Amino acid sequence: MSKLGHRTLLVAVDQPEGSVLVLDWTLKHIYREGDTVLFLHVLPASQGRPGRGSSFHSSDPHHEELLTENVRSTMQDRLVEHAASVGAHPQVSIVKGEGGDADSIGDIICRKAEETQAALVVMAAHTKGSPQERHAVGAVTRYCTRHCTSTVLVMQQP
């Protein structure tokens, strides 16, 4: 927590649609005036187009720049402006992961939460599968709930 008592709320961003729901809930139920809302997106080391499910390895720095700018632009349009409209202090962090596995991505989220002294990490459950599996959480979320030193709030998608 910062000197003035303002908090950092870290919102882990994966898919923009689910992240909008997470942000709306966070702003309505958790946000306090003066809080910083930090949007964190981790680009796996092997990454295709965001949100498309494709994956390939590219060592082309120009491709990586374009990908990062695409993610930043999407976050700006869908999340940052919305957070700023209620008076939050939004920040964006896009980090390239060392690997594409859940533990690597989760570790980056946990380290960023610790580095920023986040009061709370908010993330979607990212359940995949049948309706009977709705109680489960995704692998990255599971990693964060087990390893983050900050409190982790997991939101189920409607």
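Numbering (our numbering), first residue to last: 110 to 267. Note that CB positions come from ideal geometry on N, CA and C, so glycine has one too. All of these numbers come straight from a predicted model, not from anything done at the bench.
| Item | Value |
| --- | --- |
| Cβ neighbour criterion (16 or more within 10 Å) applied to Pro170 | exposed |
| Distance, Ile139 Cα to Val122 Cα | 17 angstroms |
| 8 angstroms Cβ cutoff met for Leu130 and Thr225 | no |
| Ala197 (DSSP reduced to helix, strand or coil) | coil |
| Reduced DSSP secondary structure (H/G/I, E/B, other) of Ile182 | Note that residue 182 is Ser in the sequence shown, not Ile. In the structure shown, Ser182 sits in a helix (DSSP, three-state: H, G or I). |
| Helix, strand or coil at His115 [DSSP, three-state] | coil |
| Supposed contact pair Ile218 and Val230 - C-beta distance, whole angstroms, cut 8 angstroms | 7 angstroms |
| Rounded straight-line distance, which links the Cα of Ala154 to that of Ala227 | 25 angstroms |
| Closest Cα partner of His115 within the set Gly143, Thr135, Gly127 | Gly143 |
| Nearest candidate by alpha-carbon position, reference Arg251, set Lys221, Gln266, Ser259, Asp212 | Asp212 |
| Enclosing alpha helix (DSSP H) for Thr225 [first to last residue] | Thr225 -> no alpha helix (DSSP H), and no H or E assigned at all. |
| Contacts around Leu176, its chain only, beta-carbon distance under 6 angstroms, and the 5 residues preceding and following it disregarded | none |
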